[in-house]
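Worksheet for the structure shown next.
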Amino acid sequence: MAVTTAADEYRLATFHFESKAYADAARLLEGVLAEEPANLSVRLLLARSYYHSAQLGRAEAELLRILDTDPAEDYARLMLGRTLERQGRAEEARPHLRLAAAMTGENR
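Residue numbers for the sequence shown follow the working numbering, beginning at 2 and rising by one.
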């Protein structure tokens, strides 16, 4: 019987994500995150998986955790803005989207 590691699970989750099997990716990433809760790359891919599988509340929660740890994470800021927009919360999204644009030098 083969023993899988967090790295194996992450690779498989990435494969699922790239294959657009976002819910499967999220399920695997939840396990990886349980083993490596401080890993922001895992948390960001989990948030993206939630977003693409329409688990917007979960995506928002993960993105907020990322930004609590690293407020300068511009992609998480952008994703949070888009997640809020997708939930019909445009007013809440606007400052996050503006800040993400300013951080990346985009004109929005």
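Cβ coordinates follow ideal geometry from the N, Cα and C atoms, glycine included.
All of these numbers come straight from a predicted model, not from anything done at the bench.
Extent of the continuous alpha helix (DSSP H) to which residue i belongs
i, result
"Leu-14", "Note that residue 14 corresponds to Ala in the displayed sequence, not to Leu. It spans 7-19 - the alpha helix (DSSP H) in which Ala-14 sits, taken as one unbroken run."
"Ser-42", "41-53"
"Glu-86", "75-87"
"Asp-25", "23-36"
"Gly-58", "57-70"
"Arg-95", "91-105"
Whole-number beta carbon distance between residue j and residue i, since they are thought to touch under 8 Å
i, j, result
"Leu-45", "Ala-77", "6 Å"
"Ala-47", "Thr-84", "The sequence as given places Leu at residue 47; Ala does not occur at that position. Rounded, the Cβ-Cβ distance is 13 Å, inconsistent with contact."
C-beta atoms of residue i and residue j nearer than 8 Å
i, j, result
"Ser-50", "Leu-64", "no"
"Leu-68", "Leu-98", "no"
"Ser-54", "Tyr-11", "no"
"Ala-39", "Tyr-52", "no"
"Gly-82", "Ala-94", "yes"
"His-17", "Asp-9", "no"
"Asp-71", "Ala-101", "no"
"Val-33", "Ala-62", "no"
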